[in-house]
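Colleague:
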Amino acid sequence: MREQIVRVKGTEQVPILLVGNKCDLQHQRQVRTDEGIALGFLALHKGVNKLLTTAAASPPTVFSAEYWSCPFTECSAKNNHNVNVTFAEIVREMNYVQNKARENKGCCSIM
């Protein structure tokens, strides 16, 4: 899915926040918090080959924040847990991407 977003946007700089919703339903949990956090790091820090090797060994890894290279948070609208934090974090991600794009605009070009 991330690849589709990047392709449509035409840039790697896409603000993404992975959110685990309904964290108040602990007894129905499908993904542990540490699994959610683990989703994005491999692609960013260890490269694609390491990611593919790890994904083959444990497929859920490719659905994590580490794979997506994005922050992860959990929230519950029912208990108002981390709802404001979640919105603040996505705004922070959007601002970061916009600032990064502005910084890169001033780069030199080889013609």
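Note that numbering that gives the first Met the number 0 numbers the sequence shown so that position 85 is 84, with each residue one more than the last. Virtual Cβ for every residue (Gly too), placed ideally from N, Cα, C.
CA-CA distance, Asn78 and Lys8?
Modeller: Within the sequence shown, residue 78 is the residue found at index 79, counting from 1. Within the sequence shown, residue 8 is the residue found at index 9, counting from 1. Near 35 Å, if we compare the C-alpha coordinates of Lys8 and Asn78.
Colleague: Could you check the C-alpha separation between Phe86 and His26 for me, to the nearest Å?
Modeller: On the sequence shown, residue 86 is found 87 positions in, with the first residue counted as 1. On the sequence shown, residue 26 is found 27 positions in, with the first residue counted as 1. Each residue's Cα considered, the two are about 26 Å apart.
Colleague: In three-state terms, what does DSSP make of Thr72?
Modeller: Working through the sequence shown from its first residue, we reach residue 72 at position 73. The answer is strand: DSSP assigns Thr72 an E or B state.
Colleague: I need the straight-line Cα distance from Asn94 to Ala100, nearest angstrom please.
Modeller: The residue labelled residue 94 in the question sits at position 95 within the sequence shown. The residue labelled residue 100 in the question sits at position 101 within the sequence shown. Looking at the two C-alpha atoms, the distance is approximately 10 Å.
Colleague: One question on the structure: do Glu88 and Leu16 come within less than 8 Å of each other, judged by their Cβ atoms?
Modeller: Mapped onto the sequence shown, residue 88 falls at position 89. Mapped onto the sequence shown, residue 16 falls at position 17. Against a cut-off of 8 Å, the Cβ pair of Leu16 and Glu88 comes out as a contact.
Colleague: Kindly identify the DSSP beta-bridge partner or partners of His26.
Modeller: The residue given as residue 26 occupies position 27 in the sequence shown. For His26, which the question treats as bridged, DSSP gives no partner whatsoever.
Colleague: By DSSP, does Val13 sit in helix, in strand, or in coil?
Modeller: Locating residue 13 in the sequence shown gives position 14, counting from the first residue. Val13 carries a coil assignment under DSSP once its states are collapsed to helix, strand and coil.
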